[in-house]
Amino acid sequence: MSILVNSNTKIIVQGITGAFGARHAQLSLDYGTQVVAGVTPGKGGQFFEHAGKRVPIFNSVADAVAATGATVSVIFVPPPFAGDAIIECVDAGLDLAVAITEGIPVRDMVRVKRAMSGKKTRLIGPNCPGVVTPGTGEKSHGGCRIGIAPGYIHKKGHVGVVSRSGTLTYEAVFQLTSKNIGQSTCVGIGGDPVNGTSHLDVIKMFNDDPDTHGIIMIGEIGGTAEVEAAKWIKANCKKPVAGFIAGATAPAGRRMGHAGAIVGGVEDTAAAKIAAFRESGIEVAATPSDMAEALLRAAKAKDVTLS
Numbered sequence: 028m029s030i031l032v033n034s035n036t037k038i039i040v041q042g043i044t045g046a047f048g049a050r051h052a053q054l055s056l057d058y059g060t061q062v063v064a065g066v067t068p069g070k071g072g073q074f075f076e077h078a079g080k081r082v083p084i085f086n087s088v089a090d091a092v093a094a095t096g097a098t099v100s101v102i103f104v105p106p107p108f109a110g111d112a113i114i115e116c117v118d119a120g121l122d123l124a125v126a127i128t129e130g131i132p133v134r135d136m137v138r139v140k141r142a143m144s145g146k147k148t149r150l151i152g153p154n155c156p157g158v159v160t161p162g163t164g165e166k167s168h169g170g171c172r173i174g175i176a177p178g179y180i181h182k183k184g185h186v187g188v189v190s191r192s193g194t195l196t197y198e199a200v201f202q203l204t205s206k207n208i209g210q211s212t213c214v215g216i217g218g219d220p221v222n223g224t225s226h227l228d229v230i231k232m233f234n235d236d237p238d239t240h241g242i243i244m245i246g247e248i249g250g251t252a253e254v255e256a257a258k259w260i261k262a263n264c265k266k267p268v269a270g271f272i273a274g275a276t277a278p279a280g281r282r283m284g285h286a287g288a289i290v291g292g293v294e295d296t297a298a299a300k301i302a303a304f305r306e307s308g309i310e311v312a313a314t315p316s317d318m319a320e321a322l323l324r325a326a327k328a329k330d331v332t333l334s
């Protein structure tokens, strides 16, 4: 099993005719992902072609859904238009929208959050690397790669990874794969202050997934999402969990990388989040290079074998 997506999930790519969207649509097709449609307003009726595959392009998400039965869309739309692109997914009744776009105005995301209230569509991102459910082929080929993550570093297995950072997601995945430990699903939730799915949302899904045997949670300074997830883990999760918080040396008041990575109060600091992890029984990785080892320590403490 996996969470959110699997090898049969049908994907739409919004912005498939742009350079960034086109490149990653190609990589997803190469990975074996079921990319069934592209959406670019004004280019309906054309085709996106790559390696012998022809992907039809539609003017709207609704048209693409009606023609293909797709349930998920990945958004590579420029920031001024990305909010409307997400809302188009909501209006079309998709299960999942994954927004890769960085720099969507906060006021647009507030509008998006209001539009999504009470609707079935889940949002991952924005400003995120996306979602990968590894496949069984060589270099995990045959899975579902949505977004910009390097598919070849993954390996099908039983560890769930959730992270605000794209590069730290890749680092954790590479460490696991290098130790011959696979992943059930890897979810990059993004580092913007107004986003969709939270750490806690993903942790709950991993906890409910019988095929996920251990979890790595990667956070950073700013906000309280990691602390909220840690409190829930302490009360509800029996699976081994390892955590890492980036930004331990960041000075207060200075934004570090992500728009949401800024210390606004005592509870936003790396020290406070690391303390919350330890209080909740989460094994803390001392450095980014310690993430997989930290999970192995957590698994050993709970007598769980990871693979």
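In my numbering, the protein residues as written are 28 to 334. Ideal Cβ positions, reconstructed from N, Cα and C, are used throughout, including at glycine. Note that the structure is a prediction, hence the values are computed from the model and not measured.
Worksheet item: With a Cβ-Cβ cutoff of 8 Å, do lysine 183 and glycine 209 count as a contact?
Response: yes
Fill in: Nearest-angstrom beta carbon gap, isoleucine 84 and alanine 109 [assumed within contact, 8 Å]
Contact annotation, alanine 109 with isoleucine 84: C-beta distance approximately 18 Å; criterion of less than 8 Å not satisfied.
Item to complete: Look up serine 316 in the DSSP assignment and say whether it is helix, strand or coil.
Response: helix
Discussion item. Ignoring anything shorter than 4 residues, give me the alpha helix (DSSP H) runs that lie fully in the region 66-153, in order along the chain.
Written reply: DSSP runs (the alpha helix (DSSP H)) wholly in the region 66-153: 88-95, 106-118, 133-143.
Item to complete: Give a single yes or no on whether alanine 89 has its beta carbon closer than 7 Å to a heavy atom of the ligand ZN.
Response: In the structure shown, the ligand ZN is absent, as is every other ligand, since no ligand is present at all.
Worksheet entry | Nearest candidate by alpha-carbon position, reference asparagine 33, set Arg81, Asp295, Gly72, Asp122 | When Arg81, Asp295, Gly72, Asp122 are compared, the shortest CA-CA separation from asparagine 33 is found for Asp122.
Discussion item. If the criterion is Cβ atoms closer than 8 Å, does the pair valine 104 and glutamine 41 meet it?
Written reply: yes
Worksheet item: What's the gap between the Cα of valine 188 and the Cα of valine 158?
Response: Annotation: valine 188 to valine 158 spans about 10 Å, alpha carbon to alpha carbon.
Item to complete: Could you name the residues that DSSP lists as bridge partners for alanine 269?
Response: Ile243, Glu310
Discussion item. What would DSSP say about arginine 191, mapped onto helix, strand or coil?
Written reply: coil
Discussion item. Quick check on valine 159: does DSSP put it in helix, strand or coil?
Written reply: strand
Worksheet entry | Extent of the continuous alpha helix (DSSP H) run through valine 229 | 226-235
Worksheet item: How far does the alpha helix (DSSP H) with valine 254 in it reach, from first residue to last?
Response: 252-263
Worksheet item: Which value, in whole angstroms, describes the spacing of the CA atoms of glutamate 255 and valine 139?
Response: 23 Å
Practice prompt. Would you mind giving the Cβ-Cβ distance between valine 229 and serine 211, rounded to the nearest angstrom? I have them listed as a contact below 8 Å.
Written response: Contact doesn't hold; Cβ gap of about 11 Å is too wide.
Item to complete: Could you say which of Glu294, Ser167, Glu76, Asn263 lies nearest to glycine 308 if we only look at CA atoms?
Response: Among Glu294, Ser167, Glu76, Asn263, the Cα nearest to that of glycine 308 is on Asn263.
Worksheet item: Just checking my contact of leucine 203 with alanine 97 at CB under 8 Å: how many whole Å lie between their CB atoms?
Response: Rounded, the Cβ-Cβ distance is 30 Å, inconsistent with contact.
Practice prompt. Starting from serine 55, follow the alpha helix (DSSP H) in both directions and report where the run begins and ends.
Written response: 46-58
Fill in: Extent of the continuous beta strand (DSSP E) run through valine 214
210-215
Discussion item. Would isoleucine 272 and glutamate 294 qualify as a contact pair, given that the criterion is a beta-carbon distance under 8 Å?
Written reply: No; because the gap between Cβ atoms is not below 8 Å, this pair is not in contact.
Practice prompt. Kindly indicate the opening and closing residues of the beta strand (DSSP E) around valine 40.
Written response: 37-41
Fill in: Sequence-distant residues of the same chain with beta carbon closer than 6 Å to valine 82, five excluded per side
Val62, Gly65, Phe75
Fill in: Unbroken beta strand (DSSP E) run spanning isoleucine 30, endpoints
Annotation: isoleucine 30 is outside any beta strand (DSSP E) and is labelled neither H nor E by DSSP.
Discussion item. Within 10 Å of its beta-carbon, does glycine 79 have 16 or more other beta-carbons around it, so buried, or fewer, so exposed?
Written reply: Classification for glycine 79: exposed.
Worksheet item: Just curious, the beta strand (DSSP E) that isoleucine 173 is in, first and last residue?
Response: First-last of the beta strand (DSSP E) with isoleucine 173: 171-174.
Practice prompt. Count the other C-beta atoms from every protein chain shown that fall within 10 angstroms of the C-beta of arginine 172, then say buried if there are 16 or more, exposed otherwise.
Written response: buried
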